[in-house]
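**Student:** One structure coming up, written as structure tokens, with questions to follow.
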Amino acid sequence: MTAMQLRHAGENAILISFANEAGDEPAGPREAAQVRAAAEAARGTLGDDLIDLVPSYASLLVIYDALRTDHFSVLRRLQALQPTIAKAIAAEGGREIVLPVYYSTESGADLERLARECGLAIEEVIALHSAAAYTVYAIGFAPGFAYLGHVDSRIAAPRLATPRKRVPRGAVAIADRQTAVYPAVSPGGWNLIGNCPQRLFDPEHNPPMPVAVGDRVRFEPIDRQRFLALGGELS
Amino acid sequence: MSLRVRQPGVLSLLQDRGRFGQHHLGLTTGGPMDLEAFLLCQRLLGNSADCTLLECSFGGLEVEVDTDTLLCVTGADAPLLVNGKPADLWTTHRVHKGDRVQLGHPQRGCRNYLGVVDGFQVTPQFGSTATVLREGIGGLRGEKLAPDDVLPCRSDTRRPRLCVPPAERPHYAGQLTVRVVPGYQQQHFDRLQQRRFYSATWSVSQRADRMGYRLEGPVIRCDIAGIVSEGICLGAIQVPADGQPIVLLNDRQTIGGYPKLGSAISIDASRMSQLSPGGTVHFAAISPHAAHNALHMHHWRLQHLPLQPLPEE
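As you go down the protein sequences, you meet chains D and G in turn.
1 is the number of the first residue of the first sequence in the working numbering; add one for each residue after it.
1001 is the number of the first residue of the second sequence in the working numbering; add one for each residue after it.
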């Protein structure tokens, strides 16, 4: 059985963490599936005692209403979930979402440099990035910003020494072996390789995000014409 | 029926109790930095705890009243004027169409809560009206108040006038002891570092805002540079590479990868948010059980503290 640890994170918070069996990466698809299963199970068992959940790579932060319940009760109820959660496997739960991406030097300011530094042709970078199915490990940094992993080690690239003040909305980017789509204009230090015309965070839409932690994402290369037809903007 | 903003002040934000249940989208909590002053303002007005009030940081607010209602200001020790005449904080006032309310710059503490009966009537986003500037969500347009903004509200002529008895009002000193529930990453800080953290006098830096309070003092070293990003709760005390701790508050990012020493209890996080840069903080460790008891005692008091009826003006 996979080790699941429960620890106090604050006056009304308990962190459930999962041992990483995947080796050097922070988490693998198995941990993502367990985090997802733990979130569902915690929601069920805590009901109205639950205030919020923060799923991340190999952990789930459970924030509860300490005026309604206490840490003894929450610890006991979460501990009882262990057998259910341990059964979660990577292929279960979660959906696969395909996001269109216009990979180009005009929509991805770092594409040419990244290809050069990786010793690859631009086409090879695009082929490697769009070949894999990525797991959504965490959502944070900004509303709708999903951390996806892991890109092929041949296209892994460190963050920029100086972050950009303005990264355009929809920018598809790589940092180390993580990849992401910037849901809104923001500062950022990841390497930009393309742009996704689909909105990743829309407060007016229900659900506001097309992806959730534990889902899998594939990127589908599209051309300029299709990008513009889907509402993409070139800045 | 509304209040019209003549001077928005330095940082005035509409806030309800906070945005909960949305961390999975990366949305933070927002809500009042000083929950105690916020909840007492609601109680004085006869409101539920979920109503929308105005959090005014560092004063400088001026509004014109367009309706008959009860108005109340709690929090920092700032001069309040109604039609140019000094008025008490922690006290409800009957205001009428055309009245002008001014809140000066605070002498002690730095955040005030201005409320009216039933709160301000704005449309919630993601289940809350809490304004989070970084996300552009909540309040009016996801922004802080600007001149000529209109804050819709209801009229009321029935609820009684009340005040918090003077002896029961919080006293905002320039120094504070913050109680901390030690965390599970504490072992990455050796005994000397922990002793240093709990014995030092920390100074609130200029980089103290609704996201977190960055403190200045001795350098605290950690034997790891970072952790795999994980969820962060209110009050979490993270220590980045420069060794200067940050106490994370209402507008914190939901996940982060800096090692943490523990988590400040919410009551003390509220009190700390009344400190301005230059204020000083000491930390003291307490057990999760003691933290739980402190929370219950505090909320029992907030709910049952007798309010004093006042004669009609």
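The C-beta atom is built at its ideal place from N, Cα and C for all residues, glycine as well.
Given the structure is predicted, the values throughout are model-derived calculations rather than measurements.
1. Check whether chain G comes within 8 Å of residue 64(D), counting only Cβ atoms and requiring the distance to be less than that.
2. Taking any Cβ of chain G, which residues in the region 207 to 218 of chain D have a Cβ under 8 Å from it, in chain order?
3. Under a CB-based cut-off of 8 Å, is residue 1128(G) close to chain B?
4. Using a Cβ-Cβ cutoff of 7 Å, what residues of the region 135 to 159 of chain D are near chain G? List them in chain order.
5. Would you tell me roughly how many angstroms separate the C-alpha atoms of residue 1267(G) and residue 1090(G), rounded to the nearest one?
6. In the DSSP assignment, find the unbroken beta strand (DSSP E) run with residue 4(D) in it and report its ends.
7. Check distances from the C-beta atoms of the region 37 to 54 of chain D to those of chain G and list, in chain order, the residues that come in under 9 Å.
8. In angstroms with no decimal places, state the Cα-to-Cα distance between residue 1277(G) and residue 1214(G).
9. Going along the region 1222 to 1234 of chain G in order, which residues come within less than 8 Å of chain D, judged by CB to CB distance?
10. So which residues of chain D does residue 1253(G) contact, with C-beta pairs closer than 7 Å?
11. Run the CB neighbour count on residue 15(D), radius 10 Å, all protein chains shown included, and call it buried at 16 or more, exposed below.
12. Is the shortest distance between the beta-carbon of residue 28(D) and the beta-carbons of chain G less than 8 Å?
13. Whose C-beta lies closer than 6 Å to the C-beta of residue 1(D) among residues of the same chain, with five residues either side of it excluded?
14. Using 8 Å as the limit for Cβ to Cβ distance, is residue 205(D) near chain G?
15. Do the region 1279 to 1288 of chain G and the region 1164 to 1181 of chain G touch if we need at least three Cβ pairs shorter than 8 Å?
16. Runs of 3 residues minimum, wholly inside the region 90 to 145 of chain D: which ones carry the beta strand (DSSP E) assignment?
17. How about residue 140(D) and residue 1255(G): do their beta carbons lie closer than 8 Å?
18. Compare the C-beta of residue 1135(G) with all C-beta atoms of chain D and state if any pair is closer than 8 Å.
19. Tell me whether the beta-carbon of residue 1259(G) lies closer than 8 Å to the beta-carbon of residue 1188(G).
20. Return helix, strand or coil for residue 1036(G), following the three-state DSSP convention.
21. Closest Cβ-Cβ distance between residue 1(D) and chain G: below 8 Å?
22. Could you round the C-beta distance between residue 198(D) and residue 100(D) to whole angstroms and report it? I think they count as a contact, below 8 Å.
23. Starting from residue 51(D) and walking both ways along the beta strand (DSSP E), at which residues does that stretch end?
24. Please give me, in chain order, every unbroken run of the beta strand (DSSP E) with length at least 3 that falls completely inside the region 1209 to 1256 of chain G.
25. Considering only their Cβ atoms, is the gap separating residue 83(D) from residue 145(D) smaller than 8 Å?
26. Hey, which unbroken runs of the beta strand (DSSP E) at 3 residues or more fall wholly within the region 159 to 217 of chain D?
27. Whose C-beta lies closer than 7 Å to the C-beta of residue 1273(G) among residues of the same chain, with five residues either side of it excluded?
28. Taking 7 Å as the limit between beta carbons, can you name the residues of its chain near residue 1060(G), skipping five residues before and five after?
29. Name the residue from 1195(G), 1022(G), 1275(G), 1054(G) whose alpha carbon lies nearest to the alpha carbon of residue 1146(G).
30. Does any CB atom of chain G fall closer than 8 Å to the CB of residue 7(D)?
31. Residue 5(D) to residue 18(D), Cα distance in whole Å?
**Tutor:** Quick look at the numbers:
1. no
2. 208, 209, 212, 213
3. Considering every chain present, this structure includes no chain B. Its protein chains are D and G.
4. 138, 139, 140, 141, 142, 143, 144, 145
5. 19 Å
6. 4 to 10
7. 39, 50, 51, 52, 53, 54
8. 9 Å
9. 1228, 1229, 1230, 1231, 1232, 1233, 1234
10. 140, 141
11. buried
12. no
13. Caution is warranted here: a pLDDT of 46 is assigned to residue 1(D), below 50, making its placement in the model unreliable, and the coordinate value is therefore given only provisionally. Here the set comprises 86.
14. no
15. yes
16. 96 to 103, 133 to 139
17. yes
18. yes
19. yes
20. helix
21. Model confidence at residue 1(D) stands at a pLDDT of 46, short of 50, so the residue's coordinates are unreliable; what they give is reported in the following sentence. So, not an interface residue.
22. 6 Å
23. 50 to 56
24. 1212 to 1216, 1236 to 1238, 1246 to 1248
25. no
26. 164 to 167, 171 to 175, 178 to 181, 186 to 188, 191 to 195
27. 1033, 1034, 1111, 1249
28. 1007, 1009, 1010, 1105
29. 1054(G)
30. yes
31. 7 Å
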